Each structure stands twice: as C-alpha cells, then as structure tokens.
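K.L.:
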Amino acid sequence: MDTQKSQFWHKSTFVALFFGFISLALYWQSISFGYVLDDTIVLDENKFVAKGFSGIWDILSTESFTGYFGEQKNLVAGARYRPLSIVSFAVEQGIVGKKPWLSHLINILLYGICGWLIYRMGELMNLGSSMGWKKMFPLIFGILFLSHPIHTEAVANIKGRDEIMCLLFSLLTAINVLKYFDSKALKYLILSSFCFFLALMSKENAITFLLITPLILVFFRGEKLLSSLRQTWFLWIVAGLFLIIRTKVIGFFFDSGIKITDLMNDPFIGMYPLQKISTIVYCVGWYLKLLVFPHPLTHDYYPYHVPKMNPTDLMTILSLLLILALVSISFYFRKKEKVAWFNVLYFFITVSIVSNLVFPVGTFMNERFLFMPSLGFSFYCAYLSLKGLEVGSKTSKILIYSILGLAMVLYGFKTVVRVPDWKDSMTLNLAGAGVSKNSARINLFTGVSYFHLYEKEPDAVKKKEHLDIANRYIDRALIIFPAYGQALNMKAGILAEYHKMSGDLENFLDGIKKVIIVKPDLSFVNEYISYISKQEENKHKMYLFLREMGYQVLFKKMKRYDFAYQYINQAHEMRPYNLEVSKEMVEILDAYLTRPGINPQQAAEMKKKVDALRLQNTLMEPKNE
C-alpha cells in the first residue's frame, strides 16, 4: 500500500510539474507585465486590497467593486460578488506589497494546476479499452486545454484570476464528487462541498456545476439522472448558502431594479426582443468558431464590434443552423457517442450563464467567458483523436498524430504571440483597435492612451502628433456611438488642449457646440467655458456664444431649460443691463418654473429673480414720446 502511494505521489508530482512547465512556457512573458483594464478596480487602486490582511473582511462583506468606487455601483442589472480572487490579491499585498510580477506568476501557476486537475479528471472518466488509450487521453486533454489561445485574456490579465480559480475549484468539486460516488467516503462529500463553495466565491459561473456534476455521474458512472441529482444534494445546499450570503451582501437576489441606460453596460439598449435573441444566437455561433479557429482575438466585443443582428441576417441563420445541428446530431447518436452528447451539453450549460439569456452580463460576449466552456471542446477533441488512434489503421494513426501535433503547436504559437498584447494599456488598446474597429469603447480607450502620451511628451512636435491621433480615435468612437458620454468628455478635453495650443477660439466653439448639443451636462465643458468667458479678450465672442447656446439651441431647439438657464445666466452676468438677454432670461425662467418636480425652494428663488428681471426690463424699455 505504501509503495502504491509512493508511486502515485511521484507520478502526480511529475504530471503537476509537467503541466506547470507548459503553463510557464506559454505565459512567461506576462511576468514582466503591469496592470491593465479591470486590474485597476480589483487590485491596483482597490482600497480594501491595499489594506492587506485587514481588508479581507471588507472584501468579503461588500460588492466586488466597492473597494474601488467607495460605494456599491450597480453598473449592470446584477451586481458582482466574486470576493475570493480579490482576497488573494489582499493576501499578496499583505505579505510582499504590490508586485504585479508576482500576481502574473500566481495566475500562471494556478493555470498549470488547472491543467493537472484536468489530467486527474481525465483519469477518473475511465474512458477507453486499452491501457495506452487510458494514459493518453488525460494527457492530451490537459495539453489541448492549456495551449488554447482563447485563454490568454484569463491568464495574462491579472483580473482573470477569478475565471481560473472558478474552474480550478469546480474541477476539484467534480473530482471529489466522483471519488465520493466510487467510495462513499464522507471526506470526499465534505471536500467537494467546500471546493464548490470556493468556486462560487470565485465567480458565479460555478453554479452551472449543479448540473454538470450529476451529468458526469450519468455519462461516466452509468447513473440515472434523477439518481445522480439526489446523490449530489449537498451541492444544492452549498449553492443555497452562497446565494443567501450574496443576497445579504449586495442587497438583492437578482436584479437591483435600477434601469441601466449606458450602452457600454447594456449593449442591448434600443433592440427589440427578436434583435436581442438574434444577436445572442450570433454570439454563440461566434464562440463556436473561436473554439475551433481562435483568430483574430480581441478583448473588446462591445458595440458595435458585434453588430445588431436580425432574424433574417445570414450570419444569424448560419449560427442557428450550426447550434441546431450540434444539438440534434449529438442527441441522435447519444447512445453510440455519449461523450459527444455530454460535451455538447457541457458547452451549452456553461456558456448559458454568460450568454445574456439568464441575466445581463454587460457586454455582448468576451473571450474570457469561454474559459470554462472551452473545457468541453478540449475534452471532445482529445477523445475523438485518441478513439481514432485506438481503432484506426497505421496510416490514419499517423494522420491523427500529425493533426494533434499541428493543433497543439499552432494553438501554442498563437498563445505566445497573443500574450504580449497584454503588456500594458497601450499595447492592448492598439491590438484591440486593430481588430475591433467598430467598437466605440476600444476607440475611446485607444484615444485616451494617446492623450496620456500627449500629456507626458516633452517634444512639441510629437506632442501635437499624439493629440491628433487621440482626436481621430475619439472621433471614430463618436461616429459609432454619438451619445457616448465618456468619448464626448474626451473630445471636449482635446478641443480645450487645441485651444490652449493655438488660441483659436472660433474652432474651439465650433467643436464644443457639437458636444453640448449631444450632452450638455458634462461638468468639464461647463467649467472650461466659464473659465475662458472670464478672459478679457474672449468676452465678446463668449457673450454671443452663451446667448446662442442658451436661448436658440438649448431652450428653443432642445427644451433643456436647466442648461439653457445656466448658459443665459452667464451671458446675463456679463451684460446685466442688456434688455434682449434679460428678456430671454425671463422667457427661459418662466418655462423652467413649469417643469414638474422642481424644488419648491429653488422655484421660490427663481420666481423672485423673474419678478426682479421683469421690473428691470420695464424700466429699461424705451418710452414712447
């Protein structure tokens, strides 16, 4: 018995080191990288993480983004509660401080552990008739998964640790469920329950293993579905406990009830139901394509890199036919090809929770969302290949080995080539902008990156070049999404910088007018206008501009009485005894006072002002002789 344990230990250690080596070989470049994207929120500028060990309770007891924003921000319909990866960041900082290289290295090591657990899972599946087949399947299963380029976002981006930990603990859950079924040992029930809780605390995606684990018993232990559901009862208790904790922390079970109005947090705004369903179907088809042919890759699938789809669009129809073909064919041959049917079910169950069908996820799709679903693809590719090796001729075996080897090499090469894109915000944004040309978000982010270069550049010529490039990207973002608030704010900032450079007030006012018409509530715009209005050389032109915007545009055309009053009031302060502007101000205030829901105190003050203006206007009116 001791000899068997020793053999297992040595074998297990070797396999773990092997998969760790593969993970390191693929992702070693990322060790020198910094923070990008949501790393800022969950790690770099997270106040709770910065507290180290003393911040752990804050992380566990609040919504996942509270440590960054200072309060719970329900940016999408369902808030985020994924504390475990954030706790790991706090532990890191508590021990060694803020070290991005260490965070990247831990991601790589955890990814390697996932490969080893996949290997262990493959062993427990008990597939194949020959010893050679049994040994080969888990090895190829693990290698195919680790080498797949679709995982670069989850591994090379530190924030992606929630994806890695979720899969890691979900695999441990399934492994211990199988061991519990085989042995009925209580320790495996306890271990699987504990691991499932940790998986849920990593990311909500783990909830899909409530169905996946019974299906594993059905397909690989010959259990009936109802029986397997009964035998995994303890996982439902764990899921219930997690949902109670989550609801207690975020304050609601599913939906905050807050209407999301930002296209970047709900890309389906403005779509009718059939458009939404068509777009979701198209995205699932896109996911299937990426599993087989992961090129080109991008981190940005925001509007409108993914276009609005209609039921009659060719790509919608092709995606639907592909989905139906996969489901119907695998179902028809489910008795002969149970592995195919299992993996089809696995894919659609795990992808459902990130598809926008169950609840909104804030974007059309993302490559990191395929991290867990891609396991089924790797499983079936390994199974299909080695089944062919088991029964095929010498020629077919050579062909299969060649295809397998080529797939691993190409996937690995694509991964190694893709990883450097995650070096920093500039490299990532430029890579994304090259692929997601119709995404308003990536055009904005790339424009912001160039604006930061402009701010840091000492050379005047290069400085102007950076600003020009930033302006082009921001303009592109606004062509795609004209009402994009962040892009409009950036456009205003760029216009202000051009004005500071050249002193050309005319060009600035022409540009800023277009910004105000779309979004008059930008604080920066109003502050800058107020600032330049006070400069003596600008007073006349600014007076005319304020009147035009306040009365003709914001009042007459747009009916935005609040901002119309703001602008006309500035003009009135510049020339308090001008009869025309005074009359315009009275007209705007009268309209403003009819607005429903106006603050009574504010209304009383405005009424006083109107009365005073009317009296003043009467005194200023020319008298008829």
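If you read the sequence shown in our numbering, its first letter stands for residue 688, the second for the next number, and so on. Don't be surprised by glycine CBs; every beta carbon is placed ideally from N, CA and C. Quantities reported herein were computed from a predicted structural model and do not represent experimental measurements.
Sorted by chain position, which residues of the same chain lie with C-beta nearer than 7 angstroms to K1150's C-beta, five sequence neighbours on each side aside?
P.N.:
Here the set comprises Y1141, E1144.
K.L.:
How would you call K846, buried or exposed, if buried means at least 16 neighbouring beta carbons within 10 angstroms?
P.N.:
Buried is the call here.
K.L.:
Determine the direct distance from the alpha carbon of Y1019 to that of S1006, and round the result to whole angstroms.
P.N.:
Distance between the alpha carbons of S1006 and Y1019 is about 20 angstroms.
K.L.:
May I have the straight-line CA-CA distance separating L878 from K1025, to the nearest angstrom?
P.N.:
The straight-line gap from Cα to Cα measures roughly 28 angstroms.
K.L.:
Taking buried to mean at least 16 other C-beta atoms within 10 Å of its own C-beta, is G890 buried or exposed?
P.N.:
Here residue 890 turns out to be Lys, not Gly, going by the sequence shown. With 16 or more Cβ atoms within 10 Å of its Cβ, K890 is classed as buried.
K.L.:
Threshold first: 4 residues or longer. Then list the alpha helix (DSSP H) segments lying entirely within the region 770–836, N to C.
P.N.:
770–783, 787–811, 818–834, all fully within the region 770–836.
K.L.:
Whole angstroms are fine: how far does the CA of N1043 sit from the CA of M996?
P.N.:
C-alpha separation (whole angstroms): 15 angstroms.
K.L.:
Measuring only the C-alpha atoms, how far is E1312 from P1169?
P.N.:
Residue confidence for E1312 is low, a pLDDT of 44 falling below 50, so the modelled location carries little weight and cannot support an answer.
K.L.:
To the nearest angstrom, how far is the alpha carbon of N733 from that of Y1137?
P.N.:
Going by the C-alpha atoms only, they are around 25 angstroms apart.
K.L.:
Measuring alpha carbon to alpha carbon, tell me which residue in W1028, I947, V1038, R1021 is nearest M972.
P.N.:
Before going further, note that residue 972 is Gly rather than Met in the sequence given. When only C-alpha atoms are compared, the closest one is V1038.
K.L.:
Identify whether F722 lies in helix, strand or coil by the three-state DSSP scheme.
P.N.:
The residue asked about is misnamed: residue 722 is Tyr in this sequence, not Phe. Of the three classes helix, strand and coil, the one that applies to Y722 here is coil, per DSSP.
K.L.:
Using DSSP with H/G/I as helix, E/B as strand and the rest coil, what is I1216?
P.N.:
The answer is helix: DSSP assigns I1216 an H, G or I state.
K.L.:
Apply the 10 Å Cβ neighbour rule to Q918 and answer buried if 16 or more other Cβ atoms are within range, or exposed otherwise.
P.N.:
Flag for Q918 reads buried.
K.L.:
Where does I894 land, buried or exposed, given buried means 16+ other C-beta within 10 angstroms?
P.N.:
Per the 10 Å Cβ criterion, buried.
K.L.:
Suppose contacts are defined by Cβ-Cβ distances below 8 angstroms. Is E1271 in contact with Y1248 by that definition?
P.N.:
The answer is no: Cβ separation not under 8 angstroms.
K.L.:
Please confirm if the region 1080–1091 is in contact with the region 835–855, defined as three or more CB-CB distances below 8 angstroms between the two stretches.
P.N.:
The region 1080–1091, when compared against the region 835–855, does not touch it at the 8 angstroms Cβ threshold.
K.L.:
Counting only the same chain and skipping the five closest in sequence on each side, list residues whose C-beta sits under 7 angstroms from that of I1036.
P.N.:
Only T895, L898, I899 meet the Cβ criterion.
K.L.:
Report the option in V1273, E1308, A1278, Q1289 whose CA atom is closest to the CA atom of A1299.
P.N.:
The candidate whose alpha carbon is nearest that of A1299 is V1273.
K.L.:
What does the alpha-carbon distance come out to for the pair Y867 and L876?
P.N.:
If you take the alpha carbons of Y867 and L876, they lie about 6 angstroms apart.
K.L.:
When the Cα atoms are used, what is the spatial distance from G1198 to A1179?
P.N.:
Those two C-alpha atoms are separated by around 8 angstroms.
K.L.:
With burial defined as no fewer than 16 other Cβ atoms inside 10 Å of the residue's Cβ, what is the status of D731: buried or exposed?
P.N.:
Under this definition D731 is a buried residue.
K.L.:
Does the region 911–926 touch the region 1044–1058, meaning 3 or more C-beta pairs lie closer than 8 angstroms?
P.N.:
Short answer: they don't touch.
K.L.:
What is the DSSP secondary structure of L865, counted as helix, strand or coil?
P.N.:
Correct three-state label for L865: helix.
K.L.:
Measuring alpha carbon to alpha carbon, tell me which of G799, F1034, Y1254 ends up nearest I1275.
P.N.:
When only C-alpha atoms are compared, the closest one is Y1254.
K.L.:
From S775 to A737, what distance separates their C-alpha atoms?
P.N.:
Distance between the alpha carbons of S775 and A737: 12 angstroms.
K.L.:
Can you tell me whether DSSP reads I899 as helix, strand or coil?
P.N.:
Of the three classes helix, strand and coil, the one that applies to I899 here is helix, per DSSP.
K.L.:
Would Y1098 be called buried (16 or more neighbouring beta carbons within 10 Å of its own) or exposed?
P.N.:
Flag for Y1098 reads buried.
K.L.:
Considering K1101, what are the terminal residues of the alpha helix (DSSP H) in which it resides?
P.N.:
K1101 -> alpha helix (DSSP H) spans 1081–1105.
K.L.:
Using DSSP with H/G/I as helix, E/B as strand and the rest coil, what is F1064?
P.N.:
F1064: helix per DSSP, three-state reduction.
K.L.:
Using alpha carbons as the reference points, say which of R807, L833, L831 lies closest to K822.
P.N.:
Checked all of R807, L833, L831; the closest Cα to K822 is R807.
K.L.:
Can you tell me whether D953 is buried or exposed? The criterion is at least 16 other CB atoms within 10 Å of its CB, across all chains shown.
P.N.:
Classification of D953: buried, given that the 10 Å Cβ count is 16 or more.
K.L.:
Could you tell me the boundaries of the alpha helix (DSSP H) in which S914 lies?
P.N.:
Note, S914: alpha helix (DSSP H), 912–918.
K.L.:
Measure the C-alpha to C-alpha separation of E1054 and L814 and round it to an integer number of angstroms.
P.N.:
Approximately 30 angstroms, taken between the alpha carbons.
K.L.:
Please report the distance separating the alpha-carbon of Y1230 from that of N1265.
P.N.:
Straight-line Cα distance between these residues: approximately 11 angstroms.
K.L.:
Buried or exposed: which applies to D1111, given that a residue is buried once 16 or more other Cβ atoms fall within 10 Å of its Cβ?
P.N.:
D1111 comes out exposed.
K.L.:
Thinking H986 and G1119 are a contact (beta carbons under 8 angstroms), I'd like their distance in whole angstroms, please.
P.N.:
Indeed they touch by this definition, with Cβ atoms about 6 angstroms apart.
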